[in-house]
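So the structure is just underneath, and the comments pick up after that.
2 protein chains.
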Amino acid sequence: MIDLKDAAQFLRVCETENLTRAALLSKVSPSTLSRTLTKLEKELNVKLCYRDQKGIVITKAGRLFERFAQDSLRNFALLQQSLAQEIAPLKGTLKIYCSVSASYIFIPRLLSELRLLHPELEISLETGDPANALDFLNHDGIDFVIAPKPKELNENIELVDLIAFPLAMIAPRNPAYPLNGLDYTNTLDNIPMVLPERGKLRTDIEDYFKTHKAKLNVLSQVAGHEAIVSMVALGFGLAIVPRIIVDLSPFKNDVIILDKKDLPDFDVALCHLKSRSGEPCIKAINDLAFNIAPSFAQDLRSRKLNNF
Amino acid sequence: MIDLKDAAQFLRVCETENLTRAALLSKVSPSTLSRTLTKLEKELNVKLCYRDQKGIVITKAGRLFERFAQDSLRNFALLQQSLAQEIAPLKGTLKIYCSVSASYIFIPRLLSELRLLHPELEISLETGDPANALDFLNHDGIDFVIAPKPKELNENIELVDLIAFPLAMIAPRNPAYPLNGLDYTNTLDNIPMVLPERGKLRTDIEDYFKTHKAKLNVLSQVAGHEAIVSMVALGFGLAIVPRIIVDLSPFKNDVIILDKKDLPDFDVALCHLKSRSGEPCIKAINDLAFNIAPSFAQDLRSRKLNNF
DNA sequence: TTATATATTGCGTATAATGCAATAAGCAAC
DNA sequence: GTTGCTTATTGCATTATACGCAATATATAA
Chain G
3 MIDLKDAAQF LRVCETENLT RAALLSKVSP STLSRTLTKL EKELNVKLCY
53 RDQKGIVITK AGRLFERFAQ DSLRNFALLQ QSLAQEIAPL KGTLKIYCSV
103 SASYIFIPRL LSELRLLHPE LEISLETGDP ANALDFLNHD GIDFVIAPKP
153 KELNENIELV DLIAFPLAMI APRNPAYPLN GLDYTNTLDN IPMVLPERGK
203 LRTDIEDYFK THKAKLNVLS QVAGHEAIVS MVALGFGLAI VPRIIVDLSP
253 FKNDVIILDK KDLPDFDVAL CHLKSRSGEP CIKAINDLAF NIAPSFAQDL
303 RSRKLNNF
Chain E
3 MIDLKDAAQF LRVCETENLT RAALLSKVSP STLSRTLTKL EKELNVKLCY
53 RDQKGIVITK AGRLFERFAQ DSLRNFALLQ QSLAQEIAPL KGTLKIYCSV
103 SASYIFIPRL LSELRLLHPE LEISLETGDP ANALDFLNHD GIDFVIAPKP
153 KELNENIELV DLIAFPLAMI APRNPAYPLN GLDYTNTLDN IPMVLPERGK
203 LRTDIEDYFK THKAKLNVLS QVAGHEAIVS MVALGFGLAI VPRIIVDLSP
253 FKNDVIILDK KDLPDFDVAL CHLKSRSGEP CIKAINDLAF NIAPSFAQDL
303 RSRKLNNF
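These protein sequence lines are chains G and E, in that order.
Under this note's numbering, the letters of the first sequence match residues 3 to 310, in that order.
Under this note's numbering, the letters of the second sequence match residues 3 to 310, in that order.
What follows is the structure, given as structure tokens:
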């Protein structure tokens, strides 16, 4: 019989029409997803999609199953909502750690949903440098951290993807800051950069320069993404930051966004210790985050971020 | 994530409120079903039913999940119907073997559904003694048999339950046949019985007398369930037959149905060789039977049996 | 008390799922 | 053509899961 997990994977295939990407989205290997497809087809006795080395094309039967999968998963989400009200409301204190940047993007919606379901639950929010946020899970009694998604997944940590922020490269708008006459629109090499002191964004930027074989000229190092925008606005150099940080900055109009299409995304996730996955509170929060994660992307698109 | 197989098992639990019986219906062991319940509860993070040595009581959350399970499985059945139309219609010849009794109960609906889906498929129907019908699968080129469900499941045979016929004990109505003055309403011992020559019904009756420690007095042996009713009507003895046979018999008004509540059911199933489960045609017919099996029970209740 | 019925759990086994690495095959650029 | 990139699939070894049997614990009935 059909497993909703498999149905969800098939939906990713329908969206992307690309097995490899769908596998990434589903957090399984392409081989697993390939086998899921054959399993579904054997179970349903129908060809769901034509597949060859060119890619994937969903069949008519596949579209029928897609609808079924969508309905089922929507119903399941609704069921979870209904069931949430049957759960004994959680009590105690929930400790969340996140960066200032993240806090005002995710926390409002997360907490307002949480208050509805579990009014008794006290929430303690700590903000700080996200660079080594994951360490807090082990030592500081923190239940969850909202952190940049680490490149290689830690064995002990379970996470829910919250959002993928596009990165943007920014330069000062004021023509009075010519940055020594460098033509920074065409080359990266040796451009003076304002960089975060450390953390995931820092290494992402270093990697980006490496793949472009450009020398990274670190002009100044700053703690906190927001401050970076200010520095750039004042002509201290160029920078790469999540675009959302630019949009929300009071200096937004003092920088220009350069056209760099190959910048990676800056993925943010809600993380907790895998060893605690069984605890009702951990599971409840995790499910909640999983359910509302898609709405963050919507919020991002509509620039509706903290009007709660 | 939820597997529809588990959801179906939970539905059986909701129907019976009894783990052991639900396990039987689902064809799994009670231990498996028990673990399915805990798995579902862990997955959904809710208590679905209270369970102790007295039995099972479904919770409010359980009822919510029951509705979800029903919806999902209904949608799945609808999906399968839709997909069936996408399948390349089957060709060739399908050979079915069944008893005369069974043929006019199941075959009409089965074949009319089949014709709709696969007009090209030729159907060859053979009728005969169901006693050793299963042997036909091995030797006689028969694809399916409709047969009494064997007590211990054969390793090589896969089956779909079609219906459970209640058995009924019947006696002649005509007071001119006092059967030697025996008070057969209170005791079974030594009552003159009309029995089928052999087959599942025969052994079921023998078992029934054994558990009641009553001597089985075989007055006459008859081939064919229908004829048994005639014999009883004519005063040759008492008999135990599927109640449906009585209801459909032209001698229906010449026998009376005795009040025996502990008679077992007479289960009928559609069987095929497990080794052929992978063949598209076998799978299609099997799925079709699985989907329409519940309607047989409805037909039985409403006595609507062969108006097709 | 004994017998029957209930659900659960320990344990060994069988089945299935998973990811890695290798493979095959199309496509594009040179 | 050839090389390099991308695509999906498959062999293989590992791990996880599912399963049923048998034993257990507990309640109900005789």
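Note that beta-carbon positions come from the ideal geometry of N, C-alpha and C, so glycine has one too.
Since the structure is predicted, the reported quantities are computational estimates derived from the model, not experimental observations.
| Query | Result |
| --- | --- |
| G:K153: contacting residues in chain E (beta-carbon distance under 7 Å) | In chain order: nothing, as chain E lies at least about 27 Å away. |
| Residue-level contact to chain E via CB, G:F310, 9 Å cutoff | Any reading at G:F310 must be qualified, since the residue scores a pLDDT of 31, below 50, and its modelled position is unreliable; the value itself is stated next. No, because no Cβ of chain E sits closer than 9 Å to the Cβ of G:F310. |
| Residues that G:N77 contacts on chain E, provided the C-beta gap is smaller than 9 Å | F70, D73, S74, N77 |
| G:E128 beta carbon less than 9 Å from that of G:K153 | no |
| Expected contact under 8 Å - CB spacing of E:N88 and G:V48 to nearest Å | Note on identity: in this sequence residue 88 of chain E is Glu, with Asn being the wrong assignment. With 8 Å as the limit, E:E88 and G:V48 qualify as a contact, their Cβ atoms being about 6 Å apart. |
| Bridge-paired residues (DSSP) for G:Q87 | Partner(s): none; G:Q87 has no beta bridge. |
| Residues within the stretch 37-50 of chain E neighbouring chain G, beta-carbon criterion of under 7 Å | L46, N47, V48 |
| Reduced DSSP category for G:N156 - H, G, I as helix; E, B as strand; rest coil | coil |
| Distance CB(G:P132)-CB(G:P150) smaller than 9 Å | yes |
| Beta carbon proximity, E:I60 to chain G, threshold 9 Å | no |
| Beta-carbon gap between E:V270 and E:I230 smaller than 9 Å | no |
| Classification of G:A225 by the beta-carbon crowding that lies within 10 angstroms, buried from 16 upward | exposed |
| Residues near E:A299 by beta carbon distance below 7 Å, same chain, minus five either side | I165 |
| Extent of the continuous beta strand (DSSP E) run through G:L127 | 124-129 |
| Residue from E:G94, E:L27, E:L75 whose Cα sits closest to the Cα of G:I4 | E:L75 |
| Heavy atom of the ligand FAD within 8 Å of E:L240 beta-carbon | The ligand content of the structure shown is nil, which means the ligand FAD is not present either. |
| Contact set between E:I89 and chain G, taken where Cβ atoms lie within less than 7 Å | N47, V48 |
| Spatial distance of E:I144 from E:E115 (CA atoms) | 20 Å |
| The stretch 211-244 of chain G: positions lying closer than 8 Å to chain E by Cβ | none |
| Residues bridged to E:S222 (per DSSP) | E:V196 |
| E:L265 at chain G interface by Cβ criterion, 9 Å | no |
| Beta-carbon separation (whole angstroms), G:E199 vs G:Q223, contact threshold 8 Å | 5 Å |
| Span of the beta strand (DSSP E) around E:I242 | 241-244 |
| Helix, strand or coil at E:F12 according to DSSP, with G and I counted as helix | helix |
| For G:D314, the first and last residue of its enclosing alpha helix (DSSP H) | A query on residue 314 of chain G cannot be resolved here, the shown segment of chain G reaching from 3 to 310 and no further. |
| Neighbouring residues, chain E, relative to G:L6 (Cβ below 8 Å) | M3, I4, D5, L6 |
| For E:G94, the three-state DSSP class (helix, strand or coil) | coil |
| Range of the contiguous alpha helix (DSSP H) that encloses G:H141 | 135-141 |
| Closer than 8 Å at the beta carbon, the chain G residues around E:F298 | Within 8 Å Cβ-Cβ: nothing; E:F298 doesn't reach chain G, min ~21 Å. |
| Cβ pair count under 8 Å reaching 3, the stretch 5-17 of chain G against the stretch 47-65 of chain E | no |
| N-terminal and C-terminal residue of the alpha helix (DSSP H) that G:L21 is part of | 21-28 |
| Reference G:I159; option with closest CA among G:N140, G:R175, G:A170, G:I172 | G:N140 |
| Contact check, G:F108 vs G:L272, beta carbons under 9 Å | yes |
| As assigned by DSSP and simplified to three states, the class of E:A71 | helix |
| Contact set for E:F67: own chain, Cβ-Cβ below 7 Å, skip 5 residues either direction | F12, L46, L50 |
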